[in-house]
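Taken in order, the sequence shown gives residues 1379 to 1516; the numbers are from our numbering.
Cβ atoms here follow ideal geometry from the backbone N, Cα and C, with glycine treated the same way.
Written out below as structure tokens is the structure these notes cover.
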Amino acid sequence: MSGAGTKFRVSRRVAEMEFTGKDLQPILLAEDVVKRLDGGALAREREVGALAGVSIAIYRGTTLAVVGPSGSGKSTLALCLAFLEPVSAGKVWFAGTETSGLKERELRALRPNVQLVSQDPVSSLNPLLSALELVMEP
């Protein structure tokens, strides 16, 4: 399970926003998010903990990179924050609106406002390509 012992760094941009006193209302806020998944027919346990108490704040104009080992819950967290998977417990707010009670139709309207960018680990830092070729690749 992720969450316990997981550390997140504050970006330089957010630190500058704090220093200059700009509005620090996060555009996306997650508090104590828990996600349990069905263990499947062959699993010893009925439910498997994928996320355990994860809290994140994302501010307008900033980017969040989630990095961790395989199986640490990165993809599950991304799906929960993009409103593609419901959280099992905890709360997620988008633009000040708590999202857990929203209907599918309302969630569908929010999804275009959240962008997930997955990294292809095989070719993302291909040493045979120049930096320009890496960023120009579709």
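Which of helix, strand or coil DSSP assigns to residue i
i: ARG1414; result: strand
i: ALA1435; result: strand
i: VAL1513; result: helix
i: ALA1430; result: strand
i: GLU1409; result: strand
i: PRO1404; result: strand
i: GLU1463; result: coil
Neighbour-count burial assignment, residue i, 16 or more Cβ in a 10 Å radius
i: LYS1481; result: exposed
i: GLY1449; result: exposed
i: THR1441; result: exposed
i: GLY1468; result: buried
i: ALA1408; result: buried
i: VAL1445; result: exposed
i: THR1475; result: exposed
i: GLY1479; result: exposed
i: GLY1451; result: buried
i: VAL1411; result: buried
i: LYS1385; result: Legend: pLDDT at LYS1385 = 46, less than 50; position of this residue unreliable, value from coordinates given subsequently. Per the 10 Å Cβ criterion, exposed.
Where the alpha helix (DSSP H) containing residue i begins and where it ends
i: ALA1467; result: Careful: ALA1467 lies outside any alpha helix (DSSP H), inside the beta strand (DSSP E) at 1467-1472.
i: THR1477; result: Element bounds for THR1477: n/a, residue is neither H nor E.
i: THR1454; result: 1452-1459
Proximal residues to residue i (C-beta, below 8 Å), its chain only, five neighbours per side dropped
i: ALA1382; result: Confidence in ALA1382 is poor, its pLDDT being 46 and thus under 50, which makes the residue's placement unreliable; the coordinate value appears in the next sentence. Correct list, in chain order: ALA1430 and GLY1431.
i: GLY1414; result: A quick correction: the sequence has Arg, not Gly, at residue 1414. Excluding sequence neighbours, ARG1414 sits near GLU1425, VAL1426, GLY1427, ALA1428 and SER1466.
i: ARG1489; result: ALA1460, PHE1461 and LEU1462
Same chain only: Cβ atoms within 6 Å of residue i, ignoring 5 sequence neighbours per side
i: TRP1471; result: LEU1407
Cβ neighbours of residue i in the same chain (closer than 7 Å, five flanking residues each side left out)
i: SER1496; result: none
i: PRO1404; result: ALA1435, ILE1436 and TYR1437
i: ALA1473; result: ILE1405
i: LEU1455; result: LEU1429, VAL1432 and VAL1444
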